[in-house]
Amino acid sequence: MGIKKEQPLETVDLEQNRPTKSKWGVILGAAFLMGSSAIGPGFLTQTAVFTEQLLASFGFVILMSIILDIGVQANIWRIIAVSKRKGQDIANMVLPGLGYFLAFAVALGGLAFNIGNVGGAGLGMNVLFGIDPRIGAAITGVITIGIFLSKEAGIAMDKIARLLGGVMILLTLYVAFQSNPPVGDAVVHTFAPTTIDVFAIITLVGGTVGGYITFAGGHRLLDAGISGKENLHQVTKSSVSGILIASIMRVFLFLAVLGVVTAGFALDPANPPASVFQHAAGAIGYKMFGIVLWAAGITSVVGAAYTSVSFLRTLSKKVDKHHSGVTIGFIAVSTIIFAFIGKPVLLLILAGAFNGLILPVALGTLLIAAYKKSIVGDYKHPLWLTIFGGFVFVITAYLAIVTLIDKIPQLFA
Numbered sequence: 491m492g493i494k495k496e497q498p499l500e501t502v503d504l505e506q507n508r509p510t511k512s513k514w515g516v517i518l519g520a521a522f523l524m525g526s527s528a529i530g531p532g533f534l535t536q537t538a539v540f541t542e543q544l545l546a547s548f549g550f551v552i553l554m555s556i557i558l559d560i561g562v563q564a565n566i567w568r569i570i571a572v573s574k575r576k577g578q579d580i581a582n583m584v585l586p587g588l589g590y591f592l593a594f595a596v597a598l599g600g601l602a603f604n605i606g607n608v609g610g611a612g613l614g615m616n617v618l619f620g621i622d623p624r625i626g627a628a629i630t631g632v633i634t635i636g637i638f639l640s641k642e643a644g645i646a647m648d649k650i651a652r653l654l655g656g657v658m659i660l661l662t663l664y665v666a667f668q669s670n671p672p673v674g675d676a677v678v679h680t681f682a683p684t685t686i687d688v689f690a691i692i693t694l695v696g697g698t699v700g701g702y703i704t705f706a707g708g709h710r711l712l713d714a715g716i717s718g719k720e721n722l723h724q725v726t727k728s729s730v731s732g733i734l735i736a737s738i739m740r741v742f743l744f745l746a747v748l749g750v751v752t753a754g755f756a757l758d759p760a761n762p763p764a765s766v767f768q769h770a771a772g773a774i775g776y777k778m779f780g781i782v783l784w785a786a787g788i789t790s791v792v793g794a795a796y797t798s799v800s801f802l803r804t805l806s807k808k809v810d811k812h813h814s815g816v817t818i819g820f821i822a823v824s825t826i827i828f829a830f831i832g833k834p835v836l837l838l839i840l841a842g843a844f845n846g847l848i849l850p851v852a853l854g855t856l857l858i859a860a861y862k863k864s865i866v867g868d869y870k871h872p873l874w875l876t877i878f879g880g881f882v883f884v885i886t887a888y889l890a891i892v893t894l895i896d897k898i899p900q901l902f903a
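Using the working numbering, you'd call the opening residue of the sequence shown number 491 and step up by one each time.
Dropping the structure here:
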């Protein structure tokens, strides 16, 4: 069944191999962990800016990115599940040492983006309570540390991801209704765009399944003992659900922005998503944005910390033994850097360069692993998934090269 000794047996129906209530909680929690990890402060700004630029045609960008995201996620989660190994361990089996590079890249990217996530949560608390963003960031850091101090940290993480993910979606849906968007126009241009922005599509794919994000839920399922061919149906369903959760949020925000922009309002360049909520629902809308921003920040902090450390656990026995303490330290360092330094430019440049490499390297490696019996046994990977994954690999590899060419000169500027 692939259940680890430390996992409670009630998570699986041993006689019929059917998901029980607690197992479904983990499956849904993994989907929300991945989805809410993708919905960070950058996600909100990115969606608002692209919608203002492309208007209703941004619906086509969202549709294309969803299709590509599912191709990435379904491949990676299935191979992790059938191999019963984490991404870095699979990479080391494909090419010795590659897993160490992948772990370093994920950890560096996770740390850099976690600084932004903590900062976003701090700004959310600033909107809600008027406190200094650094104090808000510190409070958020303490809350997330409390989650990982819990004896049932995995369960707590699942519940918080589900709760706050749901809150973000519902509040954004309310604002979308208030903005009175031209839904018919959005539907038409989703399938017949007047403008096709390839860069926007690739940017959305990277923002949804790039870096550590695509591994968040897959590693969570593995840690909960939900793996093996017998669980592939549930794993695939969870992987697609994670994409849909992030995409539902993006669609609602897209509609909210579209309603505001087509009504003649210009978004505030300093904070585009905040101006959307404020224009659509007034002062209450602005406070709602504070809740959404804080929820987006804290869930991304949890996802980044958990996934980054999960990459380091199997590479070091000490990290594995003290993984809760390492995760807490990861969050504490992110919070301290933001509170005292802000967003370090060099670290963000390095992380951006490495983050661009993670998706094509990870996806390409796992596609190779899918055809190695020493890794997946007698499992037969669907040909259509391989072709789909290969197509996304080529696109993201090209983007990674462009990113490196762009980022490296900045290190010496």
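Just so it is clear, CB atoms sit at the ideal spot from N, CA and C, and this is done for glycine as well.
The structure presented is a predicted model; accordingly, all values stated were derived computationally and were not measured.
Looking only at C-alpha atoms, which of Ala593, Ala571, Pro531 sits nearest to alanine 581?
Position 91 of the sequence shown, counted from the start, is the residue given in the question as residue 581. Selected option, being the one with the closest Cα: Ala593.
Determine, using beta carbons only, whether valine 665 and alanine 746 come nearer to each other than 7 Å.
Along the sequence shown, one-based indexing puts residue 665 at 175. Along the sequence shown, one-based indexing puts residue 746 at 256. Yes, the Cβ-Cβ distance between valine 665 and alanine 746 is below 7 Å.
Would you say valine 911 and phenylalanine 801 are within 7 Å of each other, going by their C-beta atoms?
For residue 911 there is no data in the structure shown, the boundaries of the chain being 491 and 903.
Valine 920: which of Val750, Phe755, Gly708 sits nearest, CA to CA?
With the chain running from 491 to 903 in the structure shown, residue 920 is simply not present.
What number of angstroms, rounded off, separates the C-alpha of valine 551 from the C-alpha of glycine 697?
Reading the sequence shown from its first residue, position 61 is the one you call residue 551. Reading the sequence shown from its first residue, position 207 is the one you call residue 697. Cα to Cα, the separation comes out at about 13 Å.
Comparing alpha-carbon positions, which option in Ala571, Ala756, Ser798, Ile865 lies nearest leucine 598?
Here residue 598 is taken as the residue at index 108 of the sequence shown, counted from 1. Among Ala571, Ala756, Ser798, Ile865, the Cα nearest to that of leucine 598 is on Ser798.
For a test of the three-state rule: what should DSSP assign to asparagine 565, helix, strand or coil?
Translated into the one-based positions of the sequence shown, residue 565 becomes position 75. Three-state DSSP puts asparagine 565 in a helix.
So which of Ala571, Pro671, Val632 has the shortest CA-CA distance to glycine 549?
For the purposes of this step, residue 549 is taken as the residue at position 59 of the sequence shown. Nearest C-alpha to glycine 549: Pro671.
Which ranges does the alpha helix (DSSP H) cover as unbroken runs of at least 4 residues, wholly within the stretch 570-657, from first to last along the chain?
If we require 4 residues or more, the alpha helix (DSSP H) runs fully inside the stretch 570-657 come out as 577-584, 588-619, 623-639.
For the alpha helix (DSSP H) containing leucine 748, list its first residue and its last residue.
By 1-based counting over the sequence shown, the position of residue 748 is 258. Here the alpha helix (DSSP H) through leucine 748 covers 722-752.
Nearest to glycine 880 by alpha carbon, out of Asp896, Ser806, Leu857, Gly867?
As a first step, residue 880 must be located in the sequence shown, where it is residue number 390. Cα-wise, what sits closest to glycine 880 is Leu857.
Going by Cα to Cα distance, which pick from Val677, Lys863, Ile831, Ala785 is closest to serine 573?
Taking the sequence shown and counting its residues from 1, the one referred to as residue 573 is at position 83. The shortest C-alpha separation from serine 573 is found at Lys863.
Would you tell me roughly how many angstroms separate the C-alpha atoms of asparagine 507 and asparagine 721, rounded to the nearest one?
Here the question's residue 507 lines up with position 17 in the sequence shown. Here the question's residue 721 lines up with position 231 in the sequence shown. Residue confidence is low: asparagine 507 scores 47 on pLDDT, short of 50, so the model does not pin down where it sits. Its coordinate-derived value is still stated next. Each residue's Cα considered, the two are about 8 Å apart.
Taking 8 Å as the cut-off, does the stretch 687-695 touch the stretch 770-784 (at least 3 CB pairs, one atom from each stretch)?
Not touching, per the Cβ criterion.
May I ask you to report which of helix, strand or coil DSSP gives glycine 530?
Start at 1 with the first residue of the sequence shown, and residue 530 comes out as number 40. Coil at glycine 530, not helix or strand.
Please classify leucine 544: does DSSP put it in a helix, a strand, or coil?
Along the sequence shown, one-based indexing puts residue 544 at 54. Three-state DSSP puts leucine 544 in a helix.
According to DSSP, is lysine 495 part of a helix, a strand, or is it coil?
Counting from 1 along the sequence shown, the entry for residue 495 is found at position 5. Unreliable positioning characterises lysine 495 in this predicted model, as indicated by a pLDDT of 41, which lies under 50. A coordinate reading is not provided.
Please tell me whether glycine 466 and serine 555 are closer than 7 Å, where the distance is taken between their beta carbons.
There is no way to answer for residue 466, as the model of the chain reaches only from 491 to 903.
Can you tell me whether tryptophan 874 is buried or exposed? The criterion is at least 16 other CB atoms within 10 Å of its CB, across all chains shown.
The count along the sequence shown starts at 1 and reaches residue 874 at position 384. It counts as exposed.
Leaving out five residues before and five after alanine 643 in sequence, what residues of the same chain have Cβ atoms less than 8 Å from its Cβ?
Residue mapping note: residue 643 aligns to position 153 of the sequence shown, counting from 1. Within the same chain, alanine 643 has close Cβ partners Ile637, Ser814.
So, using beta-carbon positions, are threonine 704 and glutamine 563 closer together than 7 Å?
Along the sequence shown, one-based indexing puts residue 704 at 214. Along the sequence shown, one-based indexing puts residue 563 at 73. Yes, Cβ-Cβ distance for threonine 704 and glutamine 563 is below 7 Å.
With DSSP as the reference, label serine 847 as helix, strand or coil.
As a working mapping, residue 847 is identified with position 357 in the sequence shown. It should be pointed out that residue 847 corresponds to leucine in this sequence rather than to serine. The answer is helix: DSSP assigns leucine 847 an H, G or I state.
Expressed to the nearest angstrom, what Euclidean distance is found between the alpha-carbon atoms of threonine 634 and threonine 684?
On the sequence shown, position 144 is the one that residue 634 refers to. On the sequence shown, position 194 is the one that residue 684 refers to. About 44 Å.
Check whether the stretch 518-533 and the stretch 654-665 are in contact - that is, three or more C-beta pairs closer than 8 Å.
At 8 Å Cβ cutoff, the stretches touch.
Give me, in chain order, the residues of the same chain whose beta-carbon lies closer than 6 Å to that of glycine 701; leave out the 5 immediate sequence neighbours on both sides.
As a working mapping, residue 701 is identified with position 211 in the sequence shown. Same-chain partners within the cutoff: Gly599, Asn845, Ile848.
Is serine 790 close to the ligand FMN? I mean its beta-carbon at under 6 Å from any heavy atom of the ligand.
Among the components modelled here there is no ligand, and therefore nothing to report on the ligand FMN.
Is glycine 701 helix, strand or coil by DSSP?
Indexing the sequence shown from 1 puts residue 701 at position 211. Three-state DSSP puts glycine 701 in coil, outside helix and strand.
Label glycine 732 either buried or exposed according to how many other C-beta atoms from any shown protein chain fall within 10 Å of its C-beta, with 16 as the threshold for buried.
One-based indexing of the sequence shown puts residue 732 at position 242. Counting Cβ neighbours within 10 Å, glycine 732 comes out buried, since at least 16 surround it.
Which residue comes first and which comes last in the alpha helix (DSSP H) that contains proline 762?
Translated into the one-based positions of the sequence shown, residue 762 becomes position 272. Start and end: 762-803.
Taking all protein chains shown into account, do 16 or more other C-beta atoms lie within 10 angstroms of the C-beta of histidine 723, making it buried, or fewer, making it exposed?
Along the sequence shown, read from residue 1 onward, the residue named residue 723 stands at position 233. Exposed, by the Cβ-count rule.
With distances taken from CA atoms, which of Tyr869, Val851, Gly775 is nearest isoleucine 891?
Position 401 of the sequence shown, counting from 1, holds the residue named residue 891. The residue with the shortest Cα to Cα distance from isoleucine 891 is Val851.
Within 10 angstroms of its Cβ, does isoleucine 650 collect 16 or more other Cβ (buried), or is it exposed?
Your numbering for residue 650 matches position 160 in the sequence shown. Counting Cβ neighbours within 10 Å, isoleucine 650 comes out buried, since at least 16 surround it.
Helix, strand or coil for alanine 714, going by three-state DSSP, please let me know.
The count along the sequence shown starts at 1 and reaches residue 714 at position 224. Note: alanine 714 maps to coil in three-state DSSP.
What are the boundary residues of the alpha helix (DSSP H) that phenylalanine 681 is part of?
Counted from its first residue, the sequence shown places residue 681 at position 191. Unbroken alpha helix (DSSP H) run through phenylalanine 681: 673-681.
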